Every structure is written in structure tokens, then in C-alpha cells.
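J.:
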Amino acid sequence: MKGDDLPEGDQIVRYVKPSMVRDDGTADGSDFRLRSGRPDETGLSVNWLDAFEPGKNHQLSEVRRLSRLRLRASGRFAEMNVGTVVRQVAEELDSLRIIHDPLQATGDYDADPSHSDIAGLPPGDTDDAMLIGDLIAECVIAMHPAIVAYTD
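In numbering that gives the first Met the number 0, the protein residues as written are 0 to 151.
(1) How long is the line joining the alpha carbons of lysine 52 and glutamine 10, rounded to whole angstroms?
(2) Threshold first: 3 residues or longer. Then list the beta strand (DSSP E) segments lying entirely within the stretch 10-57, N to C.
(3) Going by the beta-carbon positions, is the gap between arginine 75 and valine 147 smaller than 8 Å?
(4) Does DSSP put arginine 63 in a helix, in a strand, or in coil?
(5) What residues in its chain sit with their C-beta under 8 Å from that of alanine 89, if we drop five residues either side in the sequence?
(6) Quick check on DSSP: helix, strand or coil for leucine 95?
(7) Looking at the structure shown, is methionine 79 part of a helix, part of a strand, or coil, going by DSSP?
(8) Could you check the C-alpha separation between serine 115 and aspartate 127 for me, to the nearest Å?
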């Protein structure tokens with residue numbers, strides 16, 4: 000339900016734009032910070048994989064289909080466990096929550112029941128934000144292609 004904390008055993012993904020994917024294929028921690036030029040930004044968008052029927056390929060396919068971002072072929076979805084992120088960050092920041100924030104259908108977009116937010120983060124241009132971003136990046140368990148090319 001909207002505003003509820005996601006279950007600790009569930010998985011989330013965050014789109015990592017190509018410039019934030021390091022040469023070794025890992026996510027740069029700065030992609031897990033609020034943008035300093037956006038004081039109205041209150042959380043980081045993520046997608047709750049467990050909002051969809053089981054099966055990683057199906058879940059990622061649904062995230063791709065419902066995405067309102069411009070996905071790029073060299074972008075990635077960083078997969079993390081909800082409980083791991085919360086526990087990892089709790090030592091430094093006890094206000095972090097990962098909350099369900101589904102998007103309603105609008106114009107050209109279908110409703111997205113998986114949209115969620117990582118909330119309670121410090122402002123993006125602070126030392127605390129850099130530390131928290133790096134801690135979240137350490138929780139990434141898999142990097143998945145943002146765009147999958149299908150061939151016959």
C-alpha cells in the first residue's frame with residue numbers, strides 16, 4: 000500500500016545511467032544521492048521487483064515496460080535487497096526508509112505498481128550524502144541490462 004515500508008526480504012532495482020556505471024560494471028555511489036540542484040527532490044526512485052509475479056526476467060521486463068525514464072543500452076538496473084540496504088545504512092543514518100510509491104496512469108504511461116522511493120536521505124551535496132550513496136552502492140547484488148536486445 001502507498002507509503003508502506005517495503006518488506007525486508009524483497010528486491011528493488013534502480014536505473015543507473017551509463018555515466019554512473021563504472022568501467023568494472025559496478026554502480027557509482029553518486030547515483031544513490033539526491034541531486035543537489037533539485038531541492039524539491041525527497042527520495043530516490045526505485046522499482047520493487049516483488050510487486051510483480053515471480054520470475055526475475057518477468058519482473059525486469061515489467062520494470063522496463065513501465066519505466067518513465069529514457070533507458071539507454073549501456074544503462075543498468077542495480078538490484079538490491081531492501082533489508083540489506085536499510086541495515087547497511089542504519090549505522091550511519093537511521094531515517095532511511097524504502098517506501099511504496101506507485102505511480103498512477105497518466106497520458107502515455109500505464110500505472111506502475113512497482114515504483115517506490117528511498118526516502119530520508121541527506122541533501123545530495125553533503126559529505127553524509129556521499130557516504131550514504133557509497134554504502135547503498137555496496138549493497139548492489141546484481142547489475143541487469145536496461146535494454147535487452149531480442150534476436151531470432
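Quick reminder that beta carbons are idealized off the backbone N, C-alpha and C, glycines included. Remember, it's a predicted structure, so these values are computed and weren't measured experimentally.
T.: Based on what the coordinates show:
(1) Residue 52 is actually glutamate in this sequence, not lysine. Each residue's Cα considered, the two are about 13 Å apart.
(2) 10-15, 42-47, all fully within the stretch 10-57.
(3) In this structure, arginine 75 keeps its C-beta atom at 8 Å or more from the C-beta atom of valine 147.
(4) In this structure, arginine 63 counts as helix in the three-state DSSP scheme.
(5) For alanine 89, same chain residues with a beta-carbon under 8 Å away, outside a window of 5 residues either side, are Leu95 in chain order.
(6) In this structure, leucine 95 counts as coil in the three-state DSSP scheme.
(7) Strand at methionine 79.
(8) Distance between the alpha carbons of serine 115 and aspartate 127: 22 Å.
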